[in-house]
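To start, the structure itself, in structure tokens.
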Amino acid sequence: MPRDDRSSDDRRLMRAADRLDIPRELRRTIVRRRAYDADAFGRLSERIARFLGTGQFLVYMTATILFWVGWNIFAPEHLRWDQYPFIFLTLALSLQASYAAPLILLAQNRQEARDRVQYERDRDVDARSRADMEFLAREMAALRMSVGEVATRDFLRSELRSLLAELEHKDREDDRV
Numbered sequence: 143m144p145r146d147d148r149s150s151d152d153r154r155l156m157r158a159a160d161r162l163d164i165p166r167e168l169r170r171t172i173v174r175r176r177a178y179d180a181d182a183f184g185r186l187s188e189r190i191a192r193f194l195g196t197g198q199f200l201v202y203m204t205a206t207i208l209f210w211v212g213w214n215i216f217a218p219e220h221l222r223w224d225q226y227p228f229i230f231l232t233l234a235l236s237l238q239a240s241y242a243a244p245l246i247l248l249a250q251n252r253q254e255a256r257d258r259v260q261y262e263r264d265r266d267v268d269a270r271s272r273a274d275m276e277f278l279a280r281e282m283a284a285l286r287m288s289v290g291e292v293a294t295r296d297f298l299r300s301e302l303r304s305l306l307a308e309l310e311h312k313d314r315e316d317d318r319v
């Protein structure tokens with residue numbers, strides 16, 4: 143009988159490799175693919191999106207466009223780089239918009255994921271708070287019930303007075319007899 147020197151983890155992985163619902167491990171290639179940090183790219187996109195949504199960006203963009211248009215209208219003919227219909231300016235603005243839109247969407251997706259995590263945390267805290275409040279309400283109800291059964295000072299005084307009155311009444315009756 144052949145002896146199987148493989149560990150149980152190796153056998154489990156081999157069984158998993160034969161299954162169709164589990165993706166195969168990536169094959170090694172001759173040329174290594176560059177790995178990039180998606181989180182770093184996401185942070186960069188958030189910084190860019192935050193900048194694009196500021197008044198500072200609008201001022202810079204307006205100044206750049208005014209300079210561009212002013213230069214290409216009033217500069218000497220041989221120094222102009224974009225004549226009146228400003229095709230190159232339109233191309234530059236379209237290129238900026240085509241990159242800005244996906245970066246803004248990526249930043250929004252990351253913010254949505256953070257909001258979802260925060261929502262889950264808030265929901266957990268709310269559930270714990272609700273459970274604590276219900277526990278405290280039950281405890282207060284139990285205390286009220288037990289306090290209702292406890293003799294108070296006024297109740298004891300009234301009972302003692304009535305007993306004293308009964309004893310005095312019996313003493314008077316005994317004295318008559």
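Residues are numbered in the working numbering as their position in the sequence shown, beginning at 1, plus a constant of 142. Just so it is clear, CB atoms sit at the ideal spot from N, CA and C, and this is done for glycine as well.
What is the rounded straight-line gap between the Cα of threonine 196 and the Cα of alanine 283? A direct Cα-to-Cα measurement between threonine 196 and alanine 283 gives close to 55 Å.
State the CB to CB distance for the pair serine 184 and leucine 247, rounded to an integer number of angstroms; the pair is presumed to be in contact (CB under 8 Å). The sequence given here places glycine at residue 184; serine does not occur at that position. The Cβ separation is near 11 Å, so there is no contact.
Residue burial classification, alanine 180 (beta-carbon count within 10 angstroms, cutoff 16): That one is exposed.
I'd like to check one pair, serine 187 with leucine 278: are the Cβ atoms closer than 7 Å? Taking 7 Å as the Cβ cut-off, leucine 278 and serine 187 do not qualify as a contacting pair.
Quick one: which unbroken beta strand (DSSP E) runs of 3-plus residues sit fully inside the stretch 177–212? Chain order, please. Complete beta strand (DSSP E) runs here, min 3: none at all.
In the DSSP assignment, find the alpha helix (DSSP H) that holds leucine 235 and state where it starts and stops. Following the DSSP letters along the chain, one finds leucine 235 inside the alpha helix (DSSP H) bounded by residues 229–291.
Report back the beta-carbon spacing between alanine 242 and leucine 194 to the nearest angstrom; my notes put them in contact at under 8 Å. Indeed they touch by this definition, with Cβ atoms about 6 Å apart.
For aspartate 266 and arginine 280, I'd like the C-alpha separation in whole angstroms. Straight-line spacing of the CA atoms in aspartate 266 and arginine 280 works out to 21 Å.
Quick check on the burial criterion: 16 or more other C-beta atoms within 10 angstroms. Buried or exposed for alanine 217? With a threshold of 16 other beta carbon atoms within 10 Å, alanine 217 falls short and is exposed.
So asparagine 214 packs on phenylalanine 199, CB below 8 Å; how close in whole Å? About 22 Å separates the two Cβ atoms, so there is no contact after all.
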